[in-house]
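Here is the structure we will look at.
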Amino acid sequence: MTRALQLLLALGWILEGQSTDELMNEDPLNGVEDSGPVMTGNELGCPLLYFFPREFLYIFEVCFCSLFSFILLIVVSVLYSVAFLVGLPANILALWVLIFHTEKIPSTILLINLTVLDVLVLLMLPFRITYHFAGNDWFFSESLCRLVMALIYGSMYGSMLCLAFISIDRYIALVHPYSALTLRSHRTSLAMSVSLWVVVLLTMMLQVFFQMAFSPPFSTNIALCYDAPLSFFFPFLGLLLFFPPLLVILFCHGTVLKTLLVRGHRYFHAACLTALVLLVFFACFLPNIIILLLYLTNGNCDLIVPYVVSLAFSCFGPCIDPFIYNYVSDDFRGKVLRVLCCRHAGQQVSSNNSVSFAQSSSLYGSYSSIKHTTQST
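Heads up: the sequence shown is residues -19 to -1, 1 to 358, going by mature numbering (1 follows the signal peptide of the UniProt record, and there is no 0).
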């Protein structure tokens, strides 16, 4: 059965009388029973790999050629390199300041989680840079391919969820200031953090079960690290982990933006920063989700290059986050300068019964003058 399957696959790819569209609509595993792991590739001159039949990764030759365009080999590598070189130092420095030189208020705890997730994404980029610079040839182990893609996607979706939690925190602080002392508590931020990492770990665990590195039968000199194993898995993951945070972020930041605009020109800068947060979220994450859903639904080879490029742009989200969530604050930049100059950051100022929007870990540095003093009832 195994040899027959391999011969049928090889024959299907070289048939001259069959159109590309027919090949793209054909399931090479149709009628194959899930009888356990299948050894493939060795008889066709490819490296020996093991696959489970219903998780078999395949890519047709017409799509395979798209993986060697100039955009994928050079442009995507450059995009990843810029995100890595700019984002990693910025996030590590921000994380150091948040942990050791910032008061641990609830918003700070959420920002620490976001920064850790961003660092995890950025630490995986050298593997993707090497992969694309090598001509889309994955010369690491197959298990490492799974781990890298699981960390990238798990941390990226976790960042989206964390951004939703941060937007809820800002929404409560600005729109419902009298409830802030109750709702913006350490217990709430701890519950958000635990739920966040549960989602991240579950997402990673789901992904490591799927084979992601393979050698196509029509190429014996290359191994792909292909991040689309099953047509139902990634669309479901995208719908589940992207659109709910998207709706939350739209509602919370939209309401905050409306509230700031109503208050007049005094808070115009804070309103612009709120709009910038929304713009960055849409620009970095939405194209990748849309193209991923289209590609895995239609199997159109023309979408391979846009999808890989959109994934590279998604990694600019972790690169930009520390600048719009931390470095925008004058107080935070002052602490960064003191850290870089090896000077003591000084004593933290404890908060009283006044809820401030611009602690050193605040989302918007221009909220320093926005305070709501709680009143006893």
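The beta carbon of each residue, even a glycine, is placed where N, CA and C say it ideally should be.
Collapsed DSSP secondary structure at residue i in the structure displayed
i: Cys323; result: coil
i: Cys206; result: strand
i: Gly135; result: helix
i: Asn281; result: coil
i: Phe121; result: coil
i: Asp8; result: With a pLDDT of 43 at Asp8, under the threshold of 50, the modelled position of that residue is not reliable, and the figure given next carries that caveat. Residue state, collapsed to three classes: coil.
i: Phe190; result: coil
i: Asn333; result: Reliability fails at Asn333, whose pLDDT of 36 lies under 50, so the model's placement of it is uncertain and no value is given.
i: Tyr61; result: helix
i: Val309; result: coil
i: residue 407; result: Nothing in the structure corresponds to residue 407, since the chain is present only between -19 and 358.
i: His157; result: coil
i: Ala264; result: helix
i: Gly235; result: helix
i: Gly315; result: helix
Whether residue i touches residue j by CB criterion (8 Å)
i: Thr169; j: Pro107; result: no
i: Leu238; j: Ala264; result: no
i: Leu53; j: Val229; result: no
i: Leu60; j: Phe294; result: yes
i: Phe266; j: Phe223; result: yes
i: Thr89; j: Leu79; result: yes
Limits of the unbroken alpha helix (DSSP H) element including residue i
i: Ile86; result: That residue, Ile86, is in no alpha helix (DSSP H); it is neither H nor E in DSSP.
i: Pro303; result: Phe297 to Tyr306
i: Leu164; result: Ala161 to Leu164
Contact set for residue i: own chain, Cβ-Cβ below 7 Å, skip 5 residues either direction
i: Met185; result: Ala131, Leu132 and Gly135
i: Leu292; result: Asn269
i: Ser58; result: Ile110, His113 and Phe114
i: Thr240; result: Leu155 and Val156
i: His234; result: Ser148, Thr255, Val258 and Leu259
i: Phe297; result: Ala64 and Cys265
i: Arg314; result: Tyr308
Own chain residues within Cβ distance below 8 Å of residue i, not counting five before or after
i: Phe120; result: Ala204
i: Leu95; result: Ser140, Cys143, Leu144, Ile147, Asp302 and Tyr306
i: Leu76; result: Ile93, Thr96, Val97 and Val100
i: Ile153; result: Ser160, Ala161, Leu164 and Arg165
i: Pro226; result: Met141, Leu142, Leu144 and Ala145
i: Tyr138; result: Val180, Val181, Thr184, Leu218, Leu222 and Phe223
Supposed contact pair residue j and residue i - C-beta distance, whole angstroms, cut 8 Å
i: Cys322; j: Gly68; result: Not quite, the Cβ-Cβ distance comes to about 23 Å (not below 8 Å), so this is no contact.
i: Val320; j: His167; result: That belief does not hold up - the Cβ atoms of Val320 and His167 are roughly 25 Å apart, past 8 Å.
Proximal residues to residue i (C-beta, below 6 Å), its chain only, five neighbours per side dropped
i: Leu101; result: Leu132 and Ser136
i: Met173; result: Phe146
i: Pro287; result: Ile272
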